[in-house]
Amino acid sequence: MSYVDGFVLAVPKANLDAYRKMASDAGVVWKEYGALAYVECVGDDVPYGELTSFPRSVQAKNDEIVVFSWIVYESRQKRDEVNARVMADPRMKPDWDTMPFDAKRMIYGGFESFLEL
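According to the working numbering, the sequence shown is numbered sequentially starting from 3.
What follows is the structure, encoded as structure tokens:
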């Protein structure tokens, strides 16, 4: 079964094009090193919940939109190999001054698949 890294973050609406460019460039690198899929989704139906919700989880502000993304790998071992190579690639060195979102509010984690239909 596959292994998935998942992400939830808030992107200022004014920075969405810059985020899309950054994500597109990053996706090329991840795929180059062996990721099976790289997906970025912009929130379309993500209401602000009373207790929990995607917007609450990343402390989204009124001028921000929630982005949900994931990267699929063939296994946890392959994910660790791919991520090591991605993080060592000079194309992936972040420019914190021009980052189009607040990375401190990003939620991420690795998930082992237990059901795939």
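All residues carry an ideal CB built from backbone N, CA and C; glycine is no exception.
Cβ atoms of alanine 62 and alanine 12: under 9 Å apart, would you say? Residue 12 sits at position 10 when you count from the first residue of the sequence shown. Residue 62 sits at position 60 when you count from the first residue of the sequence shown. Result yes, Cβ atoms of alanine 12 and alanine 62 sit closer than 9 Å.
Rounded to whole angstroms, what is the Cα-Cα separation between alanine 86 and proline 57? Start at 1 with the first residue of the sequence shown, and residue 86 comes out as number 84. Start at 1 with the first residue of the sequence shown, and residue 57 comes out as number 55. Rounded to the nearest angstrom, the two C-alpha atoms are 30 Å apart.
For methionine 3, which option in Lys33, Met101, Arg81, Gly111 has the closest C-alpha, if you only look at C-alpha atoms? Locating residue 3 in the sequence shown gives position 1, counting from the first residue. Nearest C-alpha to methionine 3: Arg81.
Using the Cβ count rule (16 or more neighbours within 10 Å means buried), how would you classify tryptophan 32? Locating residue 32 in the sequence shown gives position 30, where the first residue counts as 1. Buried.
How close, in whole Å, do the beta carbons of aspartate 65 and proline 14 come, if the pair is a contact with beta carbons under 8 Å? The sequence position of residue 65 within the sequence shown is 63, counting from 1. The sequence position of residue 14 within the sequence shown is 12, counting from 1. The pair is a contact, with the Cβ atoms about 6 Å apart (cut-off 8 Å).
Taking only runs that begin and end inside the stretch 48-83, name each unbroken alpha helix (DSSP H) of 4 or more residues, in chain order. 56-59
Using 9 Å as the threshold, is the C-beta distance between phenylalanine 113 and tyrosine 5 below it? Residue mapping note: residue 113 aligns to position 111 of the sequence shown, counting from 1. Residue mapping note: residue 5 aligns to position 3 of the sequence shown, counting from 1. Contact flag set, yes.
8 Å contact criterion, which isoleucine 73 and alanine 37 should meet: CB distance rounded: As a position in the sequence shown, residue 73 is number 71, starting the count at 1. As a position in the sequence shown, residue 37 is number 35, starting the count at 1. Correct: roughly 5 Å between the Cβ atoms.
If you reduce the DSSP assignment to three classes, tell me which class aspartate 97 lands in. Translated into positions along the sequence shown, residue 97 becomes position 95. Of the three classes helix, strand and coil, the one that applies to aspartate 97 here is coil, per DSSP.
Alpha carbon to alpha carbon, what distance is there between aspartate 46 and glycine 8? Locating residue 8 in the sequence shown gives position 6, where the first residue counts as 1. Locating residue 46 in the sequence shown gives position 44, where the first residue counts as 1. Using only the alpha carbons, I get a separation of about 18 Å.
Name the DSSP bridge partner or partners of valine 10? Sequence index remark: in the sequence shown, residue 10 carries index 8 (1-based). In the DSSP output, where bridge partners are listed per residue, valine 10 has Phe70, Ile109.
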